[in-house]
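**Q** Just so we're aligned: the sequence shown equals residues 82 to 789 in this note's numbering. Yeah, the Cβ is synthetic: ideal placement off N, Cα and C, and Gly gets one too. Since we're looking at a predicted model, the values are computed, not measured. Structure incoming, see below.
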Amino acid sequence: MKKLFFFFSRNLKEIRIISLFVLTTIIILLLFPREGRFGFEFQKGAPWMHEELIAPFNFPIYKYDEEVETERDSILREFKPYFLFDREIGTLQLTRLEDVFNEQWKTYFIAGDAAGTRQQYIGSRSESVKISYLEFAGDIMQFVYSKGIIGNEDVLQRVDNQDLTIVLLEDQYAEERDYEEVFTQKKAYEYVLVRLSDYTDSLYRDSDIAFFRSLNINEFLVPNLFYDETTSSQVKNELMEELSLTRGMVQSGERIIARGELVTSEKHQVLESIRREYNKNLAIVGAFNYIFLGKMIIVIILMILLYLFLYNFRVEVLQSPRESSFLLLLVLIMVAVSSFTLRYDVLSLYFLPFALVPIMVRTFFDSRIALFIHIIVVLIVGFWAPNSYEFIFLNLIAGIVAILSLTNSYRRGILFLTGVMIIASYSTVYLAFSMIQEGNLLAINFKTFLWFVGNGLLILTVYPLIFIFEKTFKFLSDSTLIELSDTNQTLLRELAEKAPGTFQHSLQVANLAEEAVIQIGGNPLLVRTGALYHDIGKINNSEYFVENQSTEYNAHDELKFEDSARIIINHVLDGVEIAKKYRIPEAIIDFIRTHHGTTIVQYFYKSFLKEFPEDESNRHKFIYPGPRPFSKETAVLMMADSVEASSRSLRAKDETNLSKLVEEIINQQIREQQFDNTEITFRDIDLIKEIFLKKLLNIYHVRIEYPI
């Protein structure tokens, strides 16, 4: 029991990592569709590369989605919306008009004539004139209401059919009528104005014209046709249900296609139909257990390949639960989104930005990991994607283009350019596939290009996603490094004010280290930022560091050698504490911890030995706490820091002395095994020495001596 407990405690990290891979595998299996998979691959326009295919059972020939969509659109265009025709409204409004007419007649011609100027005129008016006027107004109203006034004009405006026919329902009777024959409220009002204008033009009295205008007949024009949502929806659903999704049948035993025969459009439709039926039948006839087992084997193989890739090429990523969780989470998110997209058939699979995965991985890691993770995702999704080969080929090309376009991911606008390049790569490859399959540009489904445009636009969402993942998993993106390396940052400004010599030293170290990392491979932004912050601890006790001493007074003269060494060593510990206070990322704090490794404070240790040559017991007081550098970037910073600091003490800064200095310092660090935990090579170190010498010669303006 104790041995088992010891085993688990010692291998806890490995167990956690393996558990993450197992959990990811289980979730992917749950996301897999339940159907089986047709055992033959084929492409339209290409020869059938398998044995002769005979129909094993009866199955219908399914129409293409585009064909069904076209027929559905045709039905919707021809669909006749239903309206309820309410004649009582017209009758009520006519009665209302008659009452208002009588009141207005009295008011206008009698009560309104206070001066009595119209009495003679009114007296000459007969009842027949009044009746004729009322009949005229009533005829207008009856005509308009007999045709009908639509109260749901917005419903018809959504219908893409200029020759629309509507159905009027009245007392269980239905009557078809052209949309142009009925009135909207606006058209009814315009019609009344025209009729009144024509009629009043024939009147001789201005008072008669004014009377008709005072009636405001438009106030009596209200809708009497109302959209019948229930009946319209019912009829529409019945028409949709009658839409056939198939065209014909293939009988069992019938030959579908022979080996070498070209997969024409008709053959392709039949093959897609048998694939669809075959996959459904596999799940129905009790083969689900074998299907699930096969899927499990495939997913396990892919997960093992991912594990082995990280184990052999990026073991530091594999050993980090945080980084492994991030990579597996990206795989899961993309697989889950693809699964739901195919299951509910809302969007095209080509709308999903699969290139986001390598972009996200490339932002925080390297191109090799980004490409491998992208391949794993595409292979998993490609297992159930329609036209698997086309899908995998398209997305692999898009992913590679995305990775290659991000060589300088910190440049402004680079992601916009990446999105454009992804759209172009998708479109070009899809066009090539379509020309092979269709053999005709007119037969290409150009709507797919709109999905590619949407895909490219979604690439721009990587900006907020990078921020979210960066904060969640405590990563460092190039954007954050650029922000941190700005010398106007609060902490760097404080360093420049309190320790100006150290600040200038840090700038020179940053230049040296950045150039070296560019040449040997690594992250130049990371090493530059780390160099700017590596001596931040010298803000405390800045006067004890020679680069900040502006007079001949040396504060160490009054201290013991051990105390002086302690102050010098403490700038590492103080730097870590200050960086944490200002919430500097751990990756930058690593440069503070490692830039002296486990080396000795040589000056004070040698001075101590001169005074106490026999005392070796206090050696540990002069050693930096470490740890040693563990990456190319931290190793290069240690070299650059030591070389730059020591070069300031040279009296004669010529090529010979600088070359000797660089060689001695870096060779001493090698002898002290400071780079044993890094992947840096001797070839890298030789190149670094050359770069440092060249840069130092430029810094100190050393000229080559020309022969006399």
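With 16 as the cutoff for other CB atoms within 10 Å, does Y713 come out buried or exposed?
**A** The sequence given here has Lys at residue 713, not Tyr. Buried is the call here.
**Q** Taking the alpha helix (DSSP H) that Y544 belongs to, which residues open and close that run?
**A** V543 to F554
**Q** Looking at C-beta atoms only, is the number of pairs between the stretch 604-616 and the stretch 664-672 that lie closer than 8 Å three or more?
**A** Yes, since at least three Cβ pairs between the stretch 604-616 and the stretch 664-672 fall closer than 8 Å, the two stretches touch.
**Q** Measure from the C-beta of I338 to each C-beta in chain D and report whether the shortest distance is under 8 Å.
**A** In the structure shown, chain D does not exist; there is a single protein chain.
**Q** Our contact map puts L175 next to I230 with C-beta atoms below 8 Å; I'd like the distance itself, whole angstroms only.
**A** The C-beta distance from L175 to I230 rounds to 13 Å, too long to fall under 8 Å, and the pair is not in contact.
**Q** Sort I456, P439 and A513 by Cα distance to T499 and report the nearest one.
**A** P439
**Q** What are the boundary residues of the beta strand (DSSP E) that I330 is part of?
**A** Correcting the residue type first, residue 330 is Met in the shown sequence and not Ile. Segment T327 to V331, the beta strand (DSSP E) holding M330.
**Q** To the nearest angstrom, report how far apart L411 and L546 are at their CA atoms.
**A** 11 Å
**Q** Only counting the same chain, and skipping five residues up and downstream in sequence, which positions put a Cβ closer than 8 Å to that of G678?
**A** Y705, G707, P708, R709, P710, M719, Q750, E753 and Q755
**Q** Is M330 buried or exposed, if buried means 16 or more other CB atoms sit within 10 Å of its CB?
**A** exposed
**Q** Can the beta-carbon of A597 be found closer than 8 Å to that of V717?
**A** yes
**Q** Beta-carbon separation of A136 and I337 under 8 Å?
**A** yes
**Q** Quick check: what's the CA-CA separation for I620 versus Q570?
**A** 15 Å
**Q** According to DSSP, simplified to helix, strand and coil, what is E336?
**A** Here residue 336 is Arg; the residue named in the question, Glu, does not match the sequence. DSSP, reduced to helix, strand and coil, places R336 within a strand of the structure shown.
**Q** Return the residue from the list G602, L387 and F642 that minimises the CA-CA distance to S406.
**A** Nearest C-alpha to S406: L387.
**Q** Once the 5 residues before and after F530 are set aside, which same chain residues still bring their CB inside 7 Å of it?
**A** S508
**Q** Is E358 helix, strand or coil when you go by DSSP?
**A** helix
**Q** Does the separation of the CB atoms of T583 and S558 fall below 8 Å?
**A** no
**Q** Apart from the five residues on each side of it in sequence, which residues of its chain come closer than 8 Å, Cβ to Cβ, to D567?
**A** L573
**Q** Flag this pair as yes or no: are the beta carbons of L302 and A218 separated by less than 8 Å?
**A** no
**Q** Taking DSSP's pairing of strands, which residues face D259 in a bridge?
**A** T246
**Q** At which residue ranges does the stretch 438-484 contain complete alpha helix (DSSP H) runs of 4 or more residues, listed in the order of the chain?
**A** 448-463
**Q** For V149 and E319, what's the separation of their Cα atoms in angstroms?
**A** 16 Å
**Q** In whole angstroms, what is the alpha-carbon distance linking P114 and F373?
**A** 10 Å
**Q** Going by CA-CA distance only, name the one from E300, Y371, D180 and E397 that's closest to K94.
**A** Among E300, Y371, D180 and E397, the Cα nearest to that of K94 belongs to E397.
**Q** For L324, name the three-state secondary structure that DSSP assigns.
**A** coil
**Q** Give me the Cα-Cα distance between L165 and I156, rounded to the nearest whole angstrom.
**A** 22 Å
**Q** Counting only the same chain and skipping the five closest in sequence on each side, list residues whose C-beta sits under 7 Å from that of Q201.
**A** Low confidence applies to Q201: its pLDDT is 44, below 50, so where it sits in the model is not reliable enough to give any reading.
**Q** Three or more beta-carbon pairs under 8 Å between the stretch 427-444 and the stretch 536-550, yes or no?
**A** Using a C-beta cut-off of 8 Å, the stretch 427-444 makes contact with the stretch 536-550, since at least three inter-stretch Cβ pairs fall below that distance.
**Q** Relative to the C-alpha of R774, which candidate in H349, V590 and F533 has its C-alpha closest?
**A** Checking the sequence shown, residue 774 turns out to be Leu, not Arg. Taking only the C-alpha atoms, the option nearest L774 is V590.
**Q** Candidates H637, S645, Y684 and Y614: which alpha carbon is nearest I659's?
**A** Y614
**Q** By the three-class DSSP mapping on this structure, what secondary structure does P434 have?
**A** coil
**Q** Please state whether DSSP places T793 in a helix, a strand or coil.
**A** Residue 793 is absent from the model: the chain starts at 82 and stops at 789.
**Q** Would you mind stating whether I454 and L399 have Cβ atoms separated by less than 8 Å?
**A** No, these two residues do not count as a Cβ contact at 8 Å.
**Q** Taking the Cβ atom as the reference point for each residue, do E358 and F140 lie within a distance shorter than 8 Å?
**A** yes
**Q** By DSSP's criteria, I231 is part of a beta bridge. Which residues make up the other side?
**A** DSSP lists T265 and L306 as partners of I231.
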